Amino acid sequence: MKPSFTLAALISTTLGLSQAATAQDTAKWSFYFEAGPKISQFRAQSYGGHYFPQSGQQLFPETDRRVTVRNTFSGFMNMKGFRPLSEHLVLSGTVGLDMQHLNYRTGTTKVGSNNSVTAYGSQHISQLLSRARADFGLHYAVKLGESGRLMPGISIGQMVNLSKNGYSYTFIQPGVYYTTDRLLLGFTASDTPYNVLIPGASYFEGDLNGFYTYEAEYRIREFQLSVGAKF
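Here the sequence shown stands for residues -23 to -1, 1 to 208, numbered as in mature numbering (1 follows the signal peptide of the UniProt record, and there is no 0).
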């Protein structure tokens, strides 16, 4: 009886330690599902083009040949994880689906004419783009209350285009998160570290008493507000 009892005790102890170790390992990461609205700002950083007006014809100003990109609202949803590296340093990782509303007006161009009248117009383009998103970051954690943590930090990530006529880019994202054992709140402001080409908005050809082209590169800044729940 004694050997059997000892063996059973060892097995029981081993299983208990194994379960405790597993629980400790999985507790290193805390995962949250987050979603919320965002504002996208598009800033033309570099623009220009060519204009070849016909001799003796009226010249049109550069503002008529410019593509205008508007700031827009959209949303996102992510799975976000946090892992403590030390008492105050926390590693974060994010994967998710990001939406961006692209809304712009093309330059003015000739759309038709007869013997006495020439018509000019522009197009208004509106697209909802979807992208896969991934990032990682470092945060400084300050404990608030029994389970709360305030975590300012910075992340770097990549938007991967999933839409026709969309585009991909890298971003840098400072922000702050507040988490508890159940809840996540966050505010972030991302920016592209380089100029980005946007299909349709970065190159346009038109005719205003002569052929012209317009070219532009953009910086994209996005402000995000998120609410999440732990799972």
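Ideal Cβ positions, reconstructed from N, Cα and C, are used throughout, including at glycine. Keep in mind that this is a model prediction, so the values were computed, not measured.
- A direct Cα-Cα distance of roughly 25 Å separates residue 130 from residue 195.
- Put simply, of 190, 113, 39 and 109 the residue whose alpha carbon is nearest the alpha carbon of residue 179 is 190.
- Its chain contains 70 as the residues whose beta carbon lies nearer than 6 Å to that of residue 113, once the 5 sequence neighbours on both sides are disregarded; these appear in chain order.
- By the CB criterion at 8 Å, residue 110 and residue 152 fall outside the cutoff.
- Rounded to whole angstroms, residue 33 and residue 42 show a C-alpha spacing of 19 Å.
- In the DSSP secondary-structure assignment, residue 150 is bridged to 132.
- The beta-carbon distance between residue 97 and residue 47, rounded to whole angstroms, is 21 Å. This is too long to meet the 8 Å contact definition.
- With fewer than 16 neighbouring CB atoms inside 10 Å of its own CB, residue 147 falls in the exposed class.
- Here residue 11 is near residue 204, since their CB atoms are less than 8 Å apart.
- The Cβ atoms of residue 201 and residue 58 lie no closer than 8 Å to each other.
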